[in-house]
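Residue numbers (our numbering): 3 to 450.
For every residue, glycine included, the Cβ atom is placed at its ideal position computed from N, Cα and C.
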């Protein structure tokens, strides 16, 4: 019996709809057990269990905690599309759902990504749609998209357990994407301007800074003149960085921000150590590099002013995200068929947001990174919640699954056109070389 592409899409949508309680239940379970990047042990176990329930083999330990399914194989060999879900949560101490011990919470909706990923797999497998397609689908649960807890991650790098700080960066380095031809990930959003489903847009590149100021402890009241105040050095550095802002050009979309993570251990002692975690973002990596010179100068100025020592670690951050227009157009058409044209938003290519390691992947593979409604509050904030799991999980699963059918449909095979017309900015080896070049470890002693 033959079936039309349209009928096959409807069949997949029906299978996702029939199993929506299971899919949403999985996403909620992930939300109740949030873990941060490279610590997603329980989350990875939950992914492995549901892969097993779907009779999918898998490999684990990808970049410490990543889990990659065996291919959901088509009727004949062909390109492989990865559907990605991110394992990690954030730290938001005052979020009502934050873990009581770790403060981890899914305040960015990554649990919904994992739910949508499972929804796609379940829809294709239960409908047997994959058996009519030319190519494969891999479900890939990946770690550490959020660039947080940087001291912990830098220690992993120093111990040789990591090469790069973000999950997809490390997976590229390790070769976990070598067998992938294209990828997609759907992200929940609380922005009303994104409608039910949103397509397009880009993101900023960034560089991570980890800074340690070393002073000299002394009695804060009895002999302050004998000390070197590392906290004051950090304060001067932060003031100097803030003073650079008027030199930033609007067109470069620069963001410079960070936190003081250590500033002394006793109020009765001159602080001998202070630490900063900082982030430099910009429209391009050249912009980030240009701003980095000013930031390094400002940091050194703080140490120089106080006669302190300073170590500046520069850690290669994410590259800007470039979405594939052909894949976006296919997704857009399916999204409009599912939720109606008036409920889908197409963003221009120059719209920037934060940063994501999907940007790194986009520099070597064709990718899309659509967004789905259903959340409320401020992303990364204590009021961020998923209020409508059907919108955040089920709807994007349907849109991605039907997009995959278009891409791998034997009579059309639009994936071949996507791959043939895609011009990656870097080969994998070039990407790794670039990111290694962006790493830095600079020590300066201004005590004499």
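Which residue wins for smallest C-alpha separation from residue i, given the options the options?
{"i": "residue 6", "options": "388, 280 and 414", "result": "414"}
{"i": "residue 448", "options": "348, 302 and 401", "result": "302"}
{"i": "residue 359", "options": "39, 135 and 119", "result": "39"}
{"i": "residue 386", "options": "28, 88, 110 and 51", "result": "110"}
{"i": "residue 99", "options": "284, 152, 163 and 31", "result": "31"}
{"i": "residue 440", "options": "83, 423, 4 and 318", "result": "318"}
{"i": "residue 27", "options": "118, 77 and 253", "result": "118"}
{"i": "residue 201", "options": "285, 228, 260 and 325", "result": "325"}
{"i": "residue 344", "options": "48, 83, 196 and 77", "result": "196"}
{"i": "residue 41", "options": "64, 24, 182 and 19", "result": "64"}
{"i": "residue 124", "options": "78, 172 and 74", "result": "74"}
Write down the C-beta distance between residue i and residue j rounded to the nearest angstrom, noting that I regard them as a contact closer than 8 Å.
{"i": "residue 421", "j": "residue 184", "result": "7 Å"}
{"i": "residue 85", "j": "residue 122", "result": "5 Å"}
{"i": "residue 268", "j": "residue 216", "result": "The Cβ separation is near 17 Å, so there is no contact."}
{"i": "residue 354", "j": "residue 205", "result": "6 Å"}
{"i": "residue 393", "j": "residue 376", "result": "3 Å"}
{"i": "residue 297", "j": "residue 211", "result": "7 Å"}
{"i": "residue 191", "j": "residue 374", "result": "7 Å"}
{"i": "residue 407", "j": "residue 135", "result": "7 Å"}
{"i": "residue 357", "j": "residue 320", "result": "4 Å"}
{"i": "residue 219", "j": "residue 272", "result": "6 Å"}
{"i": "residue 152", "j": "residue 279", "result": "5 Å"}
{"i": "residue 207", "j": "residue 287", "result": "5 Å"}
{"i": "residue 199", "j": "residue 398", "result": "7 Å"}
{"i": "residue 314", "j": "residue 444", "result": "5 Å"}
Taking just the CA atoms, how far does residue j sit from residue i?
{"i": "residue 36", "j": "residue 91", "result": "6 Å"}
{"i": "residue 209", "j": "residue 62", "result": "29 Å"}
{"i": "residue 446", "j": "residue 282", "result": "21 Å"}
{"i": "residue 97", "j": "residue 148", "result": "17 Å"}
{"i": "residue 322", "j": "residue 241", "result": "28 Å"}
{"i": "residue 203", "j": "residue 178", "result": "26 Å"}
{"i": "residue 257", "j": "residue 300", "result": "16 Å"}
{"i": "residue 50", "j": "residue 167", "result": "24 Å"}
{"i": "residue 154", "j": "residue 43", "result": "16 Å"}
{"i": "residue 102", "j": "residue 237", "result": "32 Å"}
{"i": "residue 427", "j": "residue 418", "result": "19 Å"}
{"i": "residue 433", "j": "residue 88", "result": "21 Å"}
{"i": "residue 174", "j": "residue 396", "result": "29 Å"}
{"i": "residue 402", "j": "residue 146", "result": "23 Å"}
{"i": "residue 164", "j": "residue 9", "result": "46 Å"}
{"i": "residue 277", "j": "residue 158", "result": "18 Å"}
{"i": "residue 29", "j": "residue 309", "result": "52 Å"}
{"i": "residue 363", "j": "residue 169", "result": "11 Å"}
{"i": "residue 193", "j": "residue 231", "result": "44 Å"}
{"i": "residue 46", "j": "residue 52", "result": "10 Å"}
{"i": "residue 81", "j": "residue 347", "result": "29 Å"}
{"i": "residue 456", "j": "residue 132", "result": "Because the chain here runs from 3 to 450, residue 456 falls outside it and cannot be looked at."}
{"i": "residue 243", "j": "residue 450", "result": "24 Å"}
Can you tell me where the beta strand (DSSP E) with residue i in it begins and where it stops?
{"i": "residue 186", "result": "184-186"}
{"i": "residue 260", "result": "257-264"}
{"i": "residue 212", "result": "207-216"}
{"i": "residue 142", "result": "136-144"}
{"i": "residue 64", "result": "60-64"}
{"i": "residue 424", "result": "No beta strand (DSSP E) contains residue 424, which DSSP labels as neither H nor E."}
{"i": "residue 153", "result": "Careful: residue 153 lies outside any beta strand (DSSP E), inside the alpha helix (DSSP H) at 152-160."}
{"i": "residue 443", "result": "442-447"}
In terms of residues, what are the limits of the alpha helix (DSSP H) holding residue i?
{"i": "residue 46", "result": "43-55"}
{"i": "residue 14", "result": "7-20"}
{"i": "residue 338", "result": "327-341"}
{"i": "residue 69", "result": "That residue, residue 69, is in no alpha helix (DSSP H); its beta strand (DSSP E) goes 68-71."}
{"i": "residue 175", "result": "169-176"}
{"i": "residue 362", "result": "360-364"}
{"i": "residue 315", "result": "Residue 315 -> not in any alpha helix (DSSP H); beta strand (DSSP E) instead, spanning 311-318."}
{"i": "residue 193", "result": "Residue 193 -> no alpha helix (DSSP H), and no H or E assigned at all."}
{"i": "residue 299", "result": "287-308"}
{"i": "residue 398", "result": "397-410"}
{"i": "residue 234", "result": "232-245"}
Check whether the stretch 324-332 and the stretch 365-373 touch, using three or more Cβ-Cβ pairs below 8 Å as the test.
Put simply, the stretch 324-332 touches the stretch 365-373. At least three CB pairs are less than 8 Å apart.
Does the stretch 131-148 come close enough to the stretch 66-81 that 3 or more CB-CB pairs lie under 8 Å?
Under the Cβ criterion (8 Å, minimum of three pairs), the stretch 66-81 counts as touching the stretch 131-148.
Quick one: any contact between the stretch 119-136 and the stretch 44-57, if contact means 3 or more CB pairs under 8 Å?
Yes: at least three Cβ pairs fall under 8 Å.
When the Cβ atoms of the stretch 111-119 are set against those of the stretch 7-15, are three or more pairs found closer than 8 Å?
Output reads no: the stretch 7-15 does not touch the stretch 111-119.
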